[in-house]
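Shown next, in structure tokens, is the structure this report addresses.
Residue numbers (full-length UniProt numbering): 1 to 558.
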């Protein structure tokens, strides 16, 4: 029997064909950034105060400044130890029946009773519009902004499971295309939603397709390259998300309406439907479905594009991943070490999502130039991928993984206590935290695959990564609600979560240079697995004395 990996030796492990497909699929990561963290711009909450139409009319007639008319409308309140104009209360005065001239110097409003805003709000937003300003999601309704991100992550949670199943049932390419069709429809519906309730419904469907399609693309590209290229391809595929992070603030700066920004973010998903003619189905998946003729045809086309010639071995190509053992959730928690791996990895997925999304969304509530802040913080994500590729084969997985979490946690704690007067120092430390959590987020993906045996590996990654989406649901509530109490309080929570995650990672075994486990016994009794591997290599050496036998063929490389 000839495996697909054997045929790739002849067809090219990462030739022109794979590079073309890889480049096309990397484009999928860029608009996902706009979907994932677009709330920073689409849901921006600008400075606001109660609207009083009578004061607005007098302001226009008397030529008052905005600040002056605001002082006549709302009282000054104590907000976290600072005196600031109220955003949710106004003076209870009927200006239409009040004899008020344009000269208000002697007007004393200190003893006038206050009430909640009656006519809505005014926003200091320079001709821009977010869904917060359109639907007045401030004060008592401010918690509804959190739902914009929470519903997206609910869609992620359900969609990644459903489309993961569909990808195994109907193929990687078909699932990818159907996801993008859904993304195109749901994304446009979000842009034209008439009210906030329908907006949240469409946003959930948007999340359902976006993450599932991204994962289908990830699986497809890793299945058509040689084993030794999978890790690099996977890390770079994720790195293009950071490219999208850099493009997003530029788009948001020039597109002043959140609805049109939503359209621009969605258009690429409609363009991705053209991939029907540009990318093939995964030959590995076709073999697993006993569709050998199609697998051979696609593999031959790949070899031709790579300018390679295939031998007749392709006629005996067969699926090398057929498993007789059926995986179940109990396999992940039944034995002590499997249970430990599952709990630690699940917590790390959760922490990565909470801290990563939290740090990005926090940029929208700091009060600085959100476009510049977002761009600077996006730039620091790029070194993460290169640090991973540089360290994991030299140092290992565990130390860089744990260090990334601990650095992120320490940066969150330090940033919380740096005074605002030290702006640039505070920005630098915050960026270091962003770098650390980005590195941890990218590492948890492949470390997860290396700590489960073959028959339960996909299930293990699926179960653990669901905590990522749960973290995404929790993140906006943690950030926005706690920031009301104290602006830096979310950073204390994020730092605590990341510190604990880093400490727990140190309890995991190192997987550099270790064969991928095949059974649960390989996890529970690693020394026995090493002895078995040494014995097998010794037997192969005795049988083939004149040939070099690589002891690292099955080493964890993904």
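Note that the Cβ used here is the ideal one computed from N, Cα and C, for glycine as well.
Check, Outcome
"Cβ-based neighbour list, residue 505, same chain, cut-off 8 angstroms, excluding 5 preceding and 5 following", "344, 348, 398, 401, 402 and 405"
"Anticipated Cβ contact below 8 angstroms, residue 450 with residue 511, distance rounded", "4 angstroms"
"Cβ-heavy atom distance, residue 177 to the ligand ZN, below 7 angstroms", "Within the structure as shown, the ligand ZN is missing, as the structure has no ligands at all."
"Close beta carbons around residue 202, own chain, < 6 angstroms, minus the five adjacent residues each side", "186, 189, 190 and 193"
"Beta-carbon proximity of residue 374 to residue 283, cut-off 8 angstroms", "no"
"Rounded C-alpha distance that separates residue 104 from residue 48", "22 angstroms"
"Range covered by the beta strand (DSSP E) that runs through residue 83", "82-85"
"Residue 45 - DSSP class collapsed to helix/strand/coil", "coil"
"Presumed contact (8 angstroms Cβ cut-off) between residue 361 and residue 37, rounded CB distance", "7 angstroms"
"Residue 20 burial status per 10 Å Cβ neighbour count (16 or more: buried)", "exposed"
"Top-ranked residue by Cα proximity to residue 84, from 95, 92 and 70", "70"
"Rounded C-alpha distance that separates residue 14 from residue 488", "47 angstroms"
"Cutoff 6 angstroms; reference residue 452; Cβ partners in own chain excluding five residues on either side", "460"
"Buried versus exposed call for residue 50 [16 or more other C-beta atoms within 10 Å across all chains shown]", "buried"
"Local Cβ density within 10 Å of residue 252, reported as buried at 16 or more and exposed below that", "buried"
"Option in 469, 198 and 178 with minimal Cα separation from residue 357", "469"
"At least 3 beta-carbon pairs within less than 8 angstroms: the segment 476-491 vs the segment 376-388", "no"
"Burial state of residue 276 (16 or more Cβ within 10 Å)", "exposed"
"Coil, strand or helix - residue 19 by DSSP", "helix"
"Residues bridged to residue 317 (per DSSP)", "2"
"Between the CA atoms of residue 245 and residue 30 - distance to the nearest angstrom", "7 angstroms"
"Validate contact between the segment 202-216 and the segment 164-183 using beta carbons, cut 8 angstroms, 3 pairs", "yes"
"Coarse secondary structure for residue 431, derived from DSSP in three states", "helix"
"Proximal residues to residue 152 (C-beta, below 6 angstroms), its chain only, five neighbours per side dropped", "203 and 207"
"Nearest neighbour of residue 183, chosen from 86, 205 and 119 [CA to CA]", "205"
"Backbone CA spacing between residue 124 and residue 148 [nearest angstrom]", "22 angstroms"
"Residue 323 to residue 225 span [Cα, whole Å]", "Per-residue confidence for residue 323 stands at a pLDDT of 48, beneath the threshold of 50, marking its modelled position as unreliable; the derived number appears in the next sentence. Near 22 angstroms, if we compare the C-alpha coordinates of residue 225 and residue 323."
"Which listed residue (178, 132 and 338) has its alpha carbon closest to that of residue 43", "132"
"Range of the contiguous beta strand (DSSP E) that encloses residue 289", "It is not in any beta strand (DSSP E) - residue 289 carries neither H nor E in the DSSP assignment."
"Proximity winner among 392, 335, 285 and 116, relative to residue 442 (alpha-carbon distances)", "392"
"Any chain B beta carbon closer than 8 angstroms to residue 425", "Of the protein chains in this structure there is only one, and it is not chain B."
"Exposed unless 16 or more other CB atoms sit within 10 angstroms - verdict on residue 346", "buried"
"Residue 287 beta carbon less than 8 angstroms from that of residue 300", "no"
"Which of helix, strand or coil DSSP assigns to residue 121", "strand"
"Secondary structure of residue 198, DSSP reduced to three states", "helix"
"Cβ-Cβ distance between residue 22 and residue 247 below 8 angstroms", "no"
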